[in-house]
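A short write-up of the structure that comes next.
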Amino acid sequence: MQECYSPPHARPFRTFQDLSGPFKTKGGSAVIVPGAQQHPGVPSTPLPTPPSKLLPPIVIGPPPGICCPEGGRATCQERTLLQRIVQVRRMMMMMMMVVMMMMMMMMMMMMMMVVVMMMMMVVVVVMMMMMMVVVVVMMMMMVVVMMMMVVMMMMVMMMMMMMMMMMMMMMMMMMMMMMMMMMVVMMVLHSTQEVA
Numbered sequence: 061m062q063e064c065y066s067p068p069h070a071r072p073f074r075t076f077q078d079l080s081g082p083f084k085t086k087g088g089s090a091v092i093v094p095g096a097q098q099h100p101g102v103p104s105t106p107l108p109t110p111p112s113k114l115l116p117p118i119v120i121g122p123p124p125g126i127c128c129p130e131g132g133r134a135t136c137q138e139r140t141l142l143q144r145i146v147q148v149r150r151m152m153m154m155m156m157m158v159v160m161m162m163m164m165m166m167m168m169m170m171m172m173m174v175v176v177m178m179m180m181m182v183v184v185v186v187m188m189m190m191m192m193v194v195v196v197v198m199m200m201m202m203v204v205v206m207m208m209m210v211v212m213m214m215m216v217m218m219m220m221m222m223m224m225m226m227m228m229m230m231m232m233m234m235m236m237m238m239m240m241m242m243m244v245v246m247m248v249l250h251s252t253q254e255v256a
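Sequential numbering of the sequence shown, starting at 61, is according to the numbering used here.
Here it is as structure tokens:
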């Protein structure tokens with residue numbers, strides 16, 4: 061295995077005025093001089109450089125994959141994989157945002173439900189108080205008042221049952237959403253594992 065040769069003053073971008081070592085320039089493109097890789101210390105015959113007055117200095121990086129040709133393909137594959145991972149991460153971020161929005165909506169709905177329930181309770185309590193006043197005021201209409209009380213109690217029980225049913229439905233919806241999210245995340249992770 062021969063080692064990658066890099067000139068001692070290697071910078072990431074060099075103009076072809078200060079290119080030296082195995083990379084010589086001819087017309088603005090980097091040329092590998094044969095014989096320079098086998099013997100890095102031996103200076104090779106210099107090629108004629110173009111006049112710098114006519115051509116502005118062209119910035120060239122080191123040519124890709126000179127001494128490690130199989131490394132080029134690996135880096136390309138890694139780059140595609142990295143792009144895929146970044147895309148998946150972006151998708152996951154979007155999904156998390158959607159889930160957070162859904163959660164916020166659900167919380168708002170629950171808060172509204174609680175407020176409505178509180179209002180109902182207040183109304184029921186006020187009605188009960190009025191009923192008590194009515195009972196205290198007119199004792200002779202006791203039977204009618206009792207009937208009214210029973211009807212009121214039935215109404216309250218029905219309301220409570222409806223509220224409980226709504227809550228149960230909400231909980232079921234939340235559970236279903238969670239399950240769907242878990243399935244999507246698992247599928248995304250599985251696809252990334254297959255790519256990797």
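Note that the Cβ used here is the ideal one computed from N, Cα and C, for glycine as well.
No experiment lies behind these values; they were computed from the predicted model shown.
Candidates the options: closest to residue i by CA position
| i | options | result |
| --- | --- | --- |
| M191 | M224, M209, V175 and M181 | M209 |
| M222 | M173, Q143, V197 and R139 | M173 |
| M179 | V148, M220, V194 and M214 | M220 |
| M228 | M207, M213 and M170 | M170 |
| V185 | M165, V146, M164 and M213 | M213 |
Other residues of its chain near residue i: CB distance less than 6 Å, five sequence neighbours each side excluded
| i | result |
| --- | --- |
| M257 | No information on residue 257 is available, as it lies outside the stretch 61 to 256 that the chain covers here. |
| M224 | none |
| S112 | Note that S112 scores a pLDDT of 49, beneath 50, so its modelled location is shaky and nothing firm can be said. |
Cβ-based neighbour list, residue i, same chain, cut-off 8 Å, excluding 5 preceding and 5 following
| i | result |
| --- | --- |
| Q253 | none |
| M152 | V245 and V248 |
| M3 | The first residue shown for the chain is 61 and the last is 256, placing residue 3 beyond what the model contains. |
| M226 | M173 |
Own chain, CB closer than 7 Å to residue i, minus 5 neighbours either side, in chain order
| i | result |
| --- | --- |
| M237 | M162 |
| E130 | In this predicted model, E130 has a pLDDT of only 48, less than 50, meaning its place in the structure is not dependable enough to derive any value. |
C-alpha gap between residue i and residue j, whole angstroms
| i | j | result |
| --- | --- | --- |
| V211 | V197 | 20 Å |
| M187 | M217 | 15 Å |
| R139 | M241 | 29 Å |
| M181 | M233 | 26 Å |
| R144 | Q137 | 11 Å |
| R150 | M157 | 11 Å |
| M230 | S251 | 32 Å |
| V176 | V183 | 11 Å |
| V193 | M215 | 20 Å |
| Q147 | M160 | 20 Å |
| L141 | M239 | 28 Å |
| M154 | M164 | 15 Å |
| M189 | M166 | 35 Å |
| M168 | M206 | 39 Å |
Tell me the start and end of each unbroken beta strand (DSSP E) in the stretch 224-252 that is at least 3 residues and wholly inside, in chain order. none
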